[in-house]
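What follows is one structure encoded as structure tokens, with my remarks underneath.
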Amino acid sequence: MQNIISKYFGISKVLLVAVLVGGSITNYVSAQQTAEVKTAIGTKKVWGTIDGVTIEGLVNGPSAAVADLQIACVFEYTEGDIFKSPALPAELNGMVHLDEALKGIITEVRKTGKFKGYALETLLMDPPKGSMGSKKLLLIGLGDRNNFDAELMKKVGAVAMREALRLKVQTVSFASDIKDAGIDSPTALVAGNVVLGAFDAYRAQEYLNTQHVSEKMTVKKLILLAGPSFFTVAGGGIKEAIDQLNAK
Numbered sequence: 014m015q016n017i018i019s020k021y022f023g024i025s026k027v028l029l030v031a032v033l034v035g036g037s038i039t040n041y042v043s044a045q046q047t048a049e050v051k052t053a054i055g056t057k058k059v060w061g062t063i064d065g066v067t068i069e070g071l072v073n074g075p076s077a078a079v080a081d082l083q084i085a086c087v088f089e090y091t092e093g094d095i096f097k098s099p100a101l102p103a104e105l106n107g108m109v110h111l112d113e114a115l116k117g118i119i120t121e122v123r124k125t126g127k128f129k130g131y132a133l134e135t136l137l138m139d140p141p142k143g144s145m146g147s148k149k150l151l152l153i154g155l156g157d158r159n160n161f162d163a164e165l166m167k168k169v170g171a172v173a174m175r176e177a178l179r180l181k182v183q184t185v186s187f188a189s190d191i192k193d194a195g196i197d198s199p200t201a202l203v204a205g206n207v208v209l210g211a212f213d214a215y216r217a218q219e220y221l222n223t224q225h226v227s228e229k230m231t232v233k234k235l236i237l238l239a240g241p242s243f244f245t246v247a248g249g250g251i252k253e254a255i256d257q258l259n260a261k
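All residue numbers for the sequence shown refer to this note's numbering, where the first residue is 14 and numbers rise by one.
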């Protein structure tokens, strides 16, 4: 009997610690489950709309996603950076798949310094037909990997949207590729900042359109890609950004 009572109080102490640290047992368990659950590849979900543009989440890599324009982000080149640790293993690394789909051209153009990957630098490609799901590929630089700040993604999102509008595309797929590169970044904040930046740019262009000094807006859907382990967390940041923008 004494052993049973001791075990009971031992368990109670553990639960009490969980309550004090996490706020509640429910929140603690929920957080653990969120971290462990993986979403199946191919899963898609509409997180909401902004100014008539659909915001969709998709669990897939940039080589497989289907859109008029695929956007992928890369840091300044270091030898073998997308292939070796701390980058994700090849089977989980969307940038590796994209590079392979294009027969190594992304690595080649970075390695030779033709595209340096400076923050907000862009490079537009027309992939060979059938090599990837999307019709065009735009690389956007993220700068020095050692100095990454999630605030940069607002500017990246703005550049992405401006280029999409300039190219007059209707569907845009966006892959930040930060996790692929092995950077421990705040997933929800990164995803939300991309949306915030993209629609700051969209609304600026929309204003010019109302003043008859810009062509008609073309983008109808923004697809935000995420890996199986990050879909739900990214979605939280995206929904928060959508709510914030729609409240304005």
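Where is the CB? At the ideal position from N, CA and C, for every residue including glycine.
Note that the structure is a prediction, hence the values are computed from the model and not measured.
How many Å lie between residue i and residue j at the Cα?
i      : j      : result
ILE191 : GLY55  : 20 Å
ASN222 : VAL66  : 16 Å
VAL232 : SER198 : 28 Å
ASP271 : ALA85  : Outside the displayed range of the chain (14 to 261) lies residue 271, so it cannot be described from this structure.
VAL122 : LEU115 : 11 Å
ILE264 : ASP112 : Past the boundaries of the shown model lies residue 264; the chain is included only from 14 to 261, so the question cannot be answered.
THR200 : GLU164 : 12 Å
ILE196 : ASN106 : 13 Å
LYS142 : VAL87  : 23 Å
ALA217 : VAL207 : 16 Å
LYS149 : ALA260 : 33 Å
LEU209 : LEU137 : 23 Å
THR62  : ALA204 : 15 Å
ASN159 : PHE243 : 22 Å
ARG179 : PHE96  : 33 Å
GLN224 : PRO241 : 43 Å
ILE68  : ASP193 : 22 Å
LYS74  : MET108 : According to the sequence as given, residue 74 is Gly; it is not Lys. Their backbone Cα atoms lie some 8 Å apart in a straight line.
THR135 : ALA53  : 31 Å
GLY126 : GLU219 : 36 Å
ILE38  : LYS124 : With a pLDDT of only 29 at ILE38, under the threshold of 50, the placement of this residue in the model should not be trusted; the figure read from the coordinates follows. Approximately 50 Å between the Cα atoms of the pair.
LYS252 : SER98  : 32 Å
ASP162 : ALA239 : 19 Å
Can you tell which of the options has the C-alpha that lies nearest to the C-alpha of residue i?
i      : options                        : result
SER189 : TYR220, VAL109, MET166         : MET166
GLN83  : THR184, VAL208, PHE212         : THR184
LEU60  : LYS261, LYS229, SER242, LEU237 : First, the amino acid is wrong: residue 60 is Trp here, not Leu. Checking every option, the nearest Cα to that of TRP60 belongs to LEU237.
VAL72  : ALA260, VAL246, ALA211         : VAL246
ALA177 : THR62, ALA80, ALA194           : ALA80
ALA78  : GLN224, LYS97, HIS110, ARG179  : HIS110
PRO140 : ALA53, ASN159, SER76           : SER76
LYS234 : GLY249, PHE212, ALA194         : PHE212
VAL182 : GLY126, SER98, LYS229, ASP157  : LYS229
ALA214 : LYS168, ALA239, LYS252         : LYS168
SER6   : ASP157, LYS252, GLY117, ALA239 : Since the first residue of the chain shown is 14 and the last is 261, residue 6 is not available in this structure.
Contact check, residue i vs residue j under 8 Å by CB: the rounded distance?
i      : j      : result
SER186 : SER227 : Their Cβ separation, rounded to whole angstroms, is 24 Å, which puts SER186 and SER227 out of contact at 8 Å.
LYS58  : GLY70  : 5 Å
GLY248 : LEU202 : Actually they are not in contact, since the Cβ atoms of GLY248 and LEU202 sit about 13 Å apart, beyond 8 Å.
Report the partner residues of residue i according to the DSSP bridge assignment.
i      : result
SER186 : GLN83, ILE236
VAL72  : ALA239
VAL66  : ILE63
THR223 : For THR223, which the question treats as bridged, DSSP gives no partner whatsoever.
LYS57  : LEU71
LYS149 : LEU82
GLY154 : VAL87
LEU137 : LEU151
Can we count residue i as close to the ligand COA, meaning its CB is less than 6 Å from some heavy atom?
i      : result
ALA247 : The model depicted lacks the ligand COA and carries no ligand whatsoever.
Cβ pair count under 8 Å reaching 3, the segment 98-105 against the segment 160-174: no
query: Are the segment 81-100 and the segment 253-261 touching, with three or more C-beta to C-beta distances below 8 Å?
result: no
task: Check whether the segment 142-155 touches the segment 118-132, taking contact to mean three or more Cβ pairs, one atom from each stretch, closer than 8 Å.
output: yes
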